[in-house]
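In what follows, a structure is listed as structure tokens, so that the remarks can point back to it.
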Amino acid sequence: MSEDTVSLVLFSGTDDKLEAAAVLATGAAVMGRKVNVFLQYWALDSFRADRIHKDHGVSAEAGPEGAELVARQATQHWSETLAQAKELGGVGIHACALSMEMFGITKDDLDPLVDDVEGVAAFWAEADGPVVFI
Amino acid sequence: MSEDTVSLVLFSGTDDKLEAAAVLATGAAVMGRKVNVFLQYWALDSFRADRIHKDHGVSAEAGPEGAELVARQATQHWSETLAQAKELGGVGIHACALSMEMFGITKDDLDPLVDDVEGVAAFWAEADGPVVFI
Amino acid sequence: MSEDTVSLVLFSGTDDKLEAAAVLATGAAVMGRKVNVFLQYWALDSFRADRIHKDHGVSAEAGPEGAELVARQATQHWSETLAQAKELGGVGIHACALSMEMFGITKDDLDPLVDDVEGVAAFWAEADGPVVFI
Numbered sequence: 231m232s233e234d235t236v237s238l239v240l241f242s243g244t245d246d247k248l249e250a251a252a253v254l255a256t257g258a259a260v261m262g263r264k265v266n267v268f269l270q271y272w273a274l275d276s277f278r279a280d281r282i283h284k285d286h287g288v289s290a291e292a293g294p295e296g297a298e299l300v301a302r303q304a305t306q307h308w309s310e311t312l313a314q315a316k317e318l319g320g321v322g323i324h325a326c327a328l329s330m331e332m333f334g335i336t337k338d339d340l341d342p343l344v345d346d347v348e349g350v351a352a353f354w355a356e357a358d359g360p361v362v363f364i
Numbered sequence: 231m232s233e234d235t236v237s238l239v240l241f242s243g244t245d246d247k248l249e250a251a252a253v254l255a256t257g258a259a260v261m262g263r264k265v266n267v268f269l270q271y272w273a274l275d276s277f278r279a280d281r282i283h284k285d286h287g288v289s290a291e292a293g294p295e296g297a298e299l300v301a302r303q304a305t306q307h308w309s310e311t312l313a314q315a316k317e318l319g320g321v322g323i324h325a326c327a328l329s330m331e332m333f334g335i336t337k338d339d340l341d342p343l344v345d346d347v348e349g350v351a352a353f354w355a356e357a358d359g360p361v362v363f364i
Numbered sequence: 231m232s233e234d235t236v237s238l239v240l241f242s243g244t245d246d247k248l249e250a251a252a253v254l255a256t257g258a259a260v261m262g263r264k265v266n267v268f269l270q271y272w273a274l275d276s277f278r279a280d281r282i283h284k285d286h287g288v289s290a291e292a293g294p295e296g297a298e299l300v301a302r303q304a305t306q307h308w309s310e311t312l313a314q315a316k317e318l319g320g321v322g323i324h325a326c327a328l329s330m331e332m333f334g335i336t337k338d339d340l341d342p343l344v345d346d347v348e349g350v351a352a353f354w355a356e357a358d359g360p361v362v363f364i
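Residue numbers (our numbering), protein chains in the order written: chain Z, 231 to 364; chain C, 231 to 364; chain P, 231 to 364.
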């Protein structure tokens, strides 16, 4: 097994992709990998403190049937899955500075799950393993 | 050239993305890389035995013109491309246990291209190279 | 920090994803990484000489509000960001031969940012690090 850091770039803010991301992050953390999550664009928007528990929809391809399926099976919200992954240790969640600017928001607007704001160079400095764009 | 395993997480179930995935898997196998495919969400749905050869649409951005283009150029179905990649050896296709649960299906509901069902920890245990989320 | 090549497979041709890709490519180049960009499907379409500066829309999930946000914040076009990344050195942009065939176009139809046309085996031959599918 590799010891490299797993870097997850979250771009999409729909609940199906964020659920998939939370499951992958947790699995990697369980297997002892360091995990760096970098929040961009619509994913960052979904981590706002006042929106994180709202309905973020699903991918366009899922349709209403898929949306219902995702809603029905979710035994816990993806933010709770991520919170548990963080408790395992080695999981950091960073907001992309450029995307923060685009939305005109500050760290205080984000859910406390987010550790800090960082630039894309800082992201790459830690990306010594797979980089997964979701 | 790297000798690391190429891990492909297939999330999207549209024909354009599955075609792209099949081409990337084949190219990696041709170059002697081990390839692990992990089927989640809408991609898993497209690998059901009774649906794999149906029309799965294309990405929302493609539009009707794009859909026609994809249909017209496909000299062979992405499932055949994947079957050929498997014949090269070193290509495994695994269904995500959590997504199986979401759809309420069992291994028997899937096309024989799928080797088995595994959890996300088993996926990460083999992911010692790039992880490509499609 | 890893010295591996960063491989970016651009599949999506919307302006939000291409912007994200350009920022990630630039950040990797700034950090001294070699960057290989491989253009497929709708992303390749957006690199045509006569379309690169047109409006390519945004991801379906963004909605009209998101589209406006992306348009308003873009201080420079993603193609200029990529041009600057290329000036840093170590950034190559390659068109996927199969996708070229699908669109029925030749190298002359593409913006000069694109260096050449290559097959998927050539892509994997250089992919000794993370592979990011966008």
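For every residue, glycine included, the Cβ atom is placed at its ideal position computed from N, Cα and C. Here the structure is a predicted model, which is why all the values come from computation and not from measurement.
Problem set entry | Per-residue contacts from leucine 328(P) into chain C (C-beta, under 8 Å) | Start at 1 with the first residue of the third sequence, and residue 328(P) comes out as number 98. Within chain C, the residues near leucine 328(P) are Val253.
Exercise. Cβ atoms of valine 362(P) and leucine 238(P): under 7 Å apart, would you say?
Worked result: Here residue 238(P) is taken as the residue at index 8 of the third sequence, counted from 1. Here residue 362(P) is taken as the residue at index 132 of the third sequence, counted from 1. Contact: yes.
Exercise. For aspartate 274(C) versus serine 329(C), is the C-beta distance shorter than 7 Å?
Worked result: Working through the second sequence from its first residue, we reach residue 274(C) at position 44. Working through the second sequence from its first residue, we reach residue 329(C) at position 99. Note that residue 274(C) is leucine in the sequence shown here, rather than aspartate. Yes, the pair counts as a contact, with Cβ atoms nearer than the cut-off.
For this session: Determine, using beta carbons only, whether threonine 244(C) and glycine 287(C) come nearer to each other than 7 Å.
Result: Here residue 244(C) corresponds to residue number 14 of the second sequence, with the count starting at 1. Here residue 287(C) corresponds to residue number 57 of the second sequence, with the count starting at 1. Yes; because the gap between Cβ atoms is below 7 Å, this pair is in contact.
Exercise. From this set, Ala290(C), Ala255(C), Ser276(C) and Phe277(C), which residue's C-alpha is nearest tryptophan 272(P)'s C-alpha?
Worked result: Position 42 of the third sequence holds residue 272(P). Closest by alpha carbon: Ala290(C).
Problem set entry | Below-7 Å beta-carbon distance, phenylalanine 268(P) vs any chain C residue | The count along the third sequence starts at 1 and reaches residue 268(P) at position 38. It does not: the Cβ of phenylalanine 268(P) has no partner Cβ on chain C nearer than 7 Å.
For this session: Using a Cβ-Cβ cut-off of less than 8 Å, give me the residues of the region 270-302 of chain Z that come near chain C, in sequence order.
Result: For chain C, the residues of the region 270-302 of chain Z that bring a beta carbon within less than 8 Å of one of its beta carbons are Ser289, Ala290, Glu291, Ala292, Gly296, Leu299 and Val300, in chain order.
Problem set entry | Within 7 Å, strictly: CB atoms of lysine 284(Z) and glycine 320(Z) | For the purposes of this step, residue 284(Z) is taken as residue 54 along the first sequence, with counting starting at 1. For the purposes of this step, residue 320(Z) is taken as residue 90 along the first sequence, with counting starting at 1. No, these two residues do not count as a Cβ contact at 7 Å.
Problem set entry | C-alpha gap between valine 260(C) and arginine 281(C), whole angstroms | What you label residue 260(C) is simply residue 30 of the second sequence in a count that begins at 1. What you label residue 281(C) is simply residue 51 of the second sequence in a count that begins at 1. C-alpha separation (whole angstroms): 28 Å.
Problem set entry | Paired residues, beta bridge with alanine 325(Z) - DSSP | Counting from one through the first sequence, the residue named residue 325(Z) turns up at place 95. In DSSP, alanine 325(Z) forms a bridge with Leu269(Z) and Val347(Z).
Exercise. Would you report the Cα separation of glycine 322(P) and tryptophan 354(Z), rounded to the nearest angstrom?
Worked result: Start at 1 with the first residue of the third sequence, and residue 322(P) comes out as number 92. Start at 1 with the first residue of the first sequence, and residue 354(Z) comes out as number 124. Cα to Cα, glycine 322(P) sits roughly 18 Å from tryptophan 354(Z).
Problem set entry | serine 237(Z), enclosing beta strand (DSSP E) - first and last residue | In the first sequence, residue 237(Z) corresponds to position 7, counting from 1. Serine 237(Z) -> beta strand (DSSP E) spans 236-240.
For this session: Please name the residue, chosen from Ala252(Z), Ala297(Z) and Ala258(Z), that lies closest to aspartate 358(C) on a Cα-to-Cα basis.
Result: Within the second sequence, residue 358(C) is the residue found at index 128, counting from 1. Selection Ala252(Z), Ala297(Z) and Ala258(Z) evaluated against aspartate 358(C) yields Ala258(Z) as nearest (Cα-Cα).
Problem set entry | From Ala255(P), Asp246(P), Asn266(P) and Leu299(P), residue whose alpha carbon lies closest to that of glycine 334(Z) | Counting from one through the first sequence, the residue named residue 334(Z) turns up at place 104. Put simply, of Ala255(P), Asp246(P), Asn266(P) and Leu299(P) the residue whose alpha carbon is nearest the alpha carbon of glycine 334(Z) is Leu299(P).
Exercise. Under 7 Å between C-beta atoms, does valine 362(P) make it to chain Z?
Worked result: To locate residue 362(P), count along the third sequence from 1; it is residue 132. So, interface residue.
Problem set entry | is_contact[valine 260(P), chain Z] using C-beta, thresh 7 Å | The residue given as residue 260(P) occupies position 30 in the third sequence. Closer than 7 Å: yes.
For this session: Please list, in chain order, all residues of the same chain as alanine 279(P) whose beta carbon is under 7 Å from its beta carbon, the five residues on each side excluded.
Result: For the purposes of this step, residue 279(P) is identified with residue 49 of the third sequence, where counting begins at 1. Correct list, in chain order: Asp339, Leu340 and Asp341.
Exercise. Of all Cβ atoms in chain C, is any one closer than 7 Å to the Cβ of alanine 250(Z)?
Worked result: In the first sequence, counting from the first residue as 1, residue 250(Z) sits at position 20. By this cut-off, alanine 250(Z) is an interface position.
For this session: Just tell me which of Glu233(P), Ala297(P) and Thr311(P) has its CA closest to the CA of glycine 255(P).
Result: Looking up residue 255(P) in the third sequence gives position 25. Inspection of the sequence shows that residue 255(P) is occupied by alanine rather than by glycine. Taking only the C-alpha atoms, the option nearest alanine 255(P) is Thr311(P).
For this session: Please check if any C-beta of chain C sits within less than 7 Å of the C-beta of serine 242(Z).
Result: For the purposes of this step, residue 242(Z) is identified with residue 12 of the first sequence, where counting begins at 1. It does not: the Cβ of serine 242(Z) has no partner Cβ on chain C nearer than 7 Å.
Exercise. When the Cα atoms are used, what is the spatial distance from aspartate 346(P) to leucine 269(P)?
Worked result: Here the question's residue 346(P) lines up with position 116 in the third sequence. Here the question's residue 269(P) lines up with position 39 in the third sequence. Distance between the alpha carbons of aspartate 346(P) and leucine 269(P): 10 Å.
Problem set entry | alanine 297(C) versus glutamate 348(Z) - alpha carbon distance | To locate residue 297(C), count along the second sequence from 1; it is residue 67. To locate residue 348(Z), count along the first sequence from 1; it is residue 118. Their backbone Cα atoms lie some 39 Å apart in a straight line.
Problem set entry | With 16 other Cβ atoms within 10 Å as the buried cut-off, status of proline 294(C) | Start at 1 with the first residue of the second sequence, and residue 294(C) comes out as number 64. Exposed, by the Cβ-count rule.
Exercise. Looking only at its own chain, which residues have a Cβ that is under 8 Å from the Cβ of alanine 250(Z), when we skip the five neighbours before and after it?
Worked result: Reading the first sequence from its first residue, position 20 is the one you call residue 250(Z). Taking C-beta separations shorter than 8 Å and ignoring five residues to either side along the sequence, the partners of alanine 250(Z) in its chain run Ile364, following chain order.
Exercise. How about glycine 320(Z): is its C-beta nearer than 7 Å to some C-beta of chain C?
Worked result: Taking the first sequence and counting its residues from 1, one reaches residue 320(Z) at position 90. No, glycine 320(Z) does not count as interfacial toward chain C.
Problem set entry | Range of the contiguous alpha helix (DSSP H) that encloses valine 260(P) | Here residue 260(P) corresponds to residue number 30 of the third sequence, with the count starting at 1. Here the alpha helix (DSSP H) through valine 260(P) covers 245-260.
For this session: Give the residues of chain Z in contact with aspartate 246(P), contact being defined as C-beta atoms less than 9 Å apart.
Result: If you number the third sequence from 1, residue 246(P) lands on position 16. Neighbours of aspartate 246(P) on chain Z, chain order: Phe241, Tyr271 and Trp272.
Exercise. Cβ of valine 350(C) within 7 Å of Cβ of valine 267(Z)?
Worked result: The residue you call residue 350(C) lines up with position 120 of the second sequence. The residue you call residue 267(Z) lines up with position 37 of the first sequence. The criterion of a C-beta distance shorter than 7 Å is not satisfied by valine 350(C) and valine 267(Z).
Problem set entry | Proximity to glutamate 317(P) [Cα-Cα], best of Lys337(P), Gly262(P) and Leu248(P) | Here residue 317(P) refers to the residue found at position 87 of the third sequence. Proximity to glutamate 317(P) across Lys337(P), Gly262(P) and Leu248(P) peaks at Gly262(P), based on C-alpha coordinates.
For this session: Closer than 8 Å, Cβ to Cβ, to anything on chain P: give me those residues from the region 339-353 of chain Z, in chain order.
Result: From the region 339-353 of chain Z, only Gly349, Val350, Ala351 and Phe353 have a Cβ closer than 8 Å to chain P.
For this session: To the nearest angstrom, report how far apart glutamate 233(P) and threonine 336(C) are at their CA atoms.
Result: Here residue 233(P) refers to the residue found at position 3 of the third sequence. Here residue 336(C) refers to the residue found at position 106 of the second sequence. C-alpha separation (whole angstroms): 43 Å.
Exercise. What first and last residue would you give for the alpha helix (DSSP H) that runs through valine 300(P)?
Worked result: By 1-based counting over the third sequence, the position of residue 300(P) is 70. Annotation: the continuous alpha helix (DSSP H) that includes valine 300(P) extends over 293-303.
For this session: Measure the CB-CB distance between valine 344(C) and alanine 313(C) and report whether it falls below 7 Å.
Result: Working through the second sequence from its first residue, we reach residue 344(C) at position 114. Working through the second sequence from its first residue, we reach residue 313(C) at position 83. No; because the gap between Cβ atoms is not below 7 Å, this pair is not in contact.
Exercise. What are the boundary residues of the beta strand (DSSP E) that includes phenylalanine 363(Z)?
Worked result: Here residue 363(Z) is taken as the residue at index 133 of the first sequence, counted from 1. Looking at the DSSP string, the run of the beta strand (DSSP E) that includes phenylalanine 363(Z) is 361-363.
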